[in-house]
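This report refers to the structure that appears directly beneath it.
There are 2 protein chains.
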Amino acid sequence: MMFKTPKESTKNRIIEAAKKLFADQGYQKATVVDISKQAGLSEAALYEYFQGKEDLLLTIPDLWVSDLISDLERQLFGIKGAVNKLRKYLWWYFRRVEETPLDAKIVYLFLKTNANFMATDVYSNVKLLYSCLLDIFEEGVKSGEMRPDLNPRIARNIFIGTMEHIITLWLLRDQAYSLFDNLDETFDILVRAFVK
Amino acid sequence: MMFKTPKESTKNRIIEAAKKLFADQGYQKATVVDISKQAGLSEAALYEYFQGKEDLLLTIPDLWVSDLISDLERQLFGIKGAVNKLRKYLWWYFRRVEETPLDAKIVYLFLKTNANFMATDVYSNVKLLYSCLLDIFEEGVKSGEMRPDLNPRIARNIFIGTMEHIITLWLLRDQAYSLFDNLDETFDILVRAFVK
DNA sequence: GCGCTTTTCTAAATATCATTAGGATATGGC
DNA sequence: GCCATATCCTAATGATATTTAGAAAAGCGC
Chain A
249 MMFKTPKEST
259 KNRIIEAAKK
269 LFADQGYQKA
279 TVVDISKQAG
289 LSEAALYEYF
299 QGKEDLLLTI
309 PDLWVSDLIS
319 DLERQLFGIK
329 GAVNKLRKYL
339 WWYFRRVEET
349 PLDAKIVYLF
359 LKTNANFMAT
369 DVYSNVKLLY
379 SCLLDIFEEG
389 VKSGEMRPDL
399 NPRIARNIFI
409 GTMEHIITLW
419 LLRDQAYSLF
429 DNLDETFDIL
439 VRAFVK
Chain B
249 MMFKTPKEST
259 KNRIIEAAKK
269 LFADQGYQKA
279 TVVDISKQAG
289 LSEAALYEYF
299 QGKEDLLLTI
309 PDLWVSDLIS
319 DLERQLFGIK
329 GAVNKLRKYL
339 WWYFRRVEET
349 PLDAKIVYLF
359 LKTNANFMAT
369 DVYSNVKLLY
379 SCLLDIFEEG
389 VKSGEMRPDL
399 NPRIARNIFI
409 GTMEHIITLW
419 LLRDQAYSLF
429 DNLDETFDIL
439 VRAFVK
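Just so you know, the sequences run in chain order A and B. Numbering-wise, this note's numbering puts 295 at position 47 of the first sequence, and it's gapless, one number per residue. Numbering-wise, this note's numbering puts 410 at position 162 of the second sequence, and it's gapless, one number per residue.
Here's what the structure looks like:
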């Protein structure tokens, strides 16, 4: 990645350091001193780039989810059929999680903790990421590919719940296996619940 | 509830205070001073009862989950058929969550954050709570009530994932509605994925 | 009631860490 | 070279978790 200004580059160094330390030791145990040191500057300098520790934490998911959002549409582009889109969504998302496990860990393990997470920008982006699933289910019902009596909102809850659970387990178990183990089988079972 | 010793009663007062403050303001923002004050003693006295703030936090889910465990077997006793047991499990669990939302909030929003959650007693109790579901799915497959090719472990992931997602949403949205809204419909969709 | 022990508590000290203040140093335009 | 600005550092400050030292209170055998 290239950075226009040296400021951008420093900011990025801080983010990378924070990502590593937060994911490794958790939000509380990772100190601002540690993060600054890892990034190669003093604590005070860090406050030129971020309002505080919490701001730094929230910046990480914000970037990650924004990046996902901008990629999502391109990934689903040209795919025909709700089930095919669903499948693509799942495989794409899991791949992204496997590629950037530190970000995923912060999102899944440390974000909801935050008292006012619901008020953050991250949350509205997550909603965007998930609202796409709602569209897919609505399309599936409308086109007749899925059961006419399927409540898209409930279907989405089941789908997201399953995804998040699989990811959380994987993160808590230190990514000791592949997220794609049994994924075909899981997907087939889920689809069975949605289609006629 | 009755307490044998005054020590038990004080300990309980501290736990109740902590529960309220943790659930309200989050782990970090709830200070030890606040908790002690709410419980009617000085900070130092609290350390006679708990090793520290983190110990206090972990005690809350520990009690809650232990209590659930001891209730679970009684609840499922006498129920015939895997699907019926599954249904009972879901309704029972959601009822318990609605009855004790503060505990649920701490378990679902603050526990996984804890870096070494996997090493705690709570975690092994949670596993116990969930292993029961595995038994139910295995029974369902064996008895022919569910598909012979159903992988019980995957079925459990889907079931738990859905449950946890519904609960987490409800907690993040300040319990503004009933957990039982749409529960019948959700359950039916899930069952469709598992049975022939 | 009276010593004695144990439990329960407090006020004050200590330690850790996020955050800020104020000043130093580097960088780029002239 | 010199000013302006951006970037950084050392050294406080303040909040808060935890410990210490020991006082008050409660139980108890006599």
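For glycine and all other residues, C-beta sits at the position ideal for the given N, C-alpha and C.
message: So A/Leu376 contacts chain B; which residues on that side make the cut at Cβ distance below 7 Å?
response: Chain B residues near A/Leu376: none, gap ~16 Å exceeds 7 Å.
- prompt: Does the separation of the CB atoms of A/His413 and B/Asn405 fall below 8 Å?
  reply: yes
- prompt: Just reading off the alpha helix (DSSP H) that B/Asp436 is part of, what are its end residues?
  reply: 431-442
field: Cβ neighbours of A/Lys301 in the same chain (closer than 7 Å, five flanking residues each side left out)
entry: Val280
- request: Under 8 Å by Cβ, that's how I've got A/Leu320 and A/Met411 pegged, so tell me the actual separation to the nearest angstrom.
  value: Actually they are not in contact, since the Cβ atoms of A/Leu320 and A/Met411 sit about 14 Å apart, beyond 8 Å.
Residues of the stretch 343-358 of chain A with Cβ closer than 9 Å to any Cβ of chain B, in chain order: Tyr356, Leu357, Phe358
message: Measuring only the C-alpha atoms, how far is B/Lys376 from B/Ser318?
response: One detail in the question is off: residue 376 of chain B reads as Leu in this sequence, not Lys. Cα-Cα distance, rounded: 11 Å.
query: If the cut is a Cβ gap below 8 Å, which residues of chain B does A/Thr361 touch?
result: Gly274, Tyr275, Leu357, Phe358, Thr361
CA-to-CA distance, B/Leu382 to B/Arg401, given in whole angstroms: 6 Å
task: Rank A/Glu386, A/Ala441, A/Ile354, A/Ala271 by C-alpha distance to the C-alpha of A/Gly329 and give the top, closest one.
output: A/Glu386
Where A/Thr258 falls: helix, strand or coil (DSSP): helix
- prompt: Near A/Gln423, which residues of its chain fall below 6 Å by C-beta distance, leaving aside the five closest residues on each side in sequence?
  reply: Pro349
- request: Output the distance between the C-alpha atoms of A/Ile384 and A/Ala403, rounded to the nearest integer angstrom.
  value: 10 Å
message: Among the candidates A/Lys353, A/Ala363, A/Val439, whose CA atom is the shortest distance from the CA of A/Arg395?
response: A/Val439
task: Within its chain, find whatever has a CB closer than 7 Å to the CB of B/Val374; leave out the 5 residues flanking it on each side and keep chain order.
output: Val313
- prompt: Is the shortest distance between the beta-carbon of B/Ile437 and the beta-carbons of chain A less than 8 Å?
  reply: yes
- request: Under 6 Å Cβ to Cβ from B/Lys444, same chain only, skipping five residues before and after it: list those, please.
  value: Arg395
field: Beta carbon proximity, A/Asn260 to chain B, threshold 8 Å
entry: no
field: Sequence-distant residues of the same chain with beta carbon closer than 7 Å to B/Arg261, five excluded per side
entry: Ala287, Gly288
Where B/Thr307 meets chain A, residues with beta-carbon distance less than 8 Å: The premise fails here: B/Thr307 is roughly 18 Å from chain A at the closest Cβ pair, so nothing lies under 8 Å.
message: Tell me the residue span of the alpha helix (DSSP H) that contains A/Asn373.
response: 369-391
- prompt: alpha helix (DSSP H) containing A/Thr416: first to last residue?
  reply: 400-420
- prompt: Could one say the Cβ of B/Leu338 lies closer than 8 Å to chain A's Cβ atoms, at least one of them?
  reply: no
- prompt: Short check: CB of B/Phe358 to CB of B/Leu305, under 8 Å?
  reply: yes
query: In this structure, does DSSP put B/Met250 in helix, strand or coil?
result: Only weak support exists for where B/Met250 lies, its pLDDT of 48 falling under 50; the coordinates are left without a value.
- prompt: B/Asp351 and B/Ile283: beta carbons closer than 8 Å?
  reply: no
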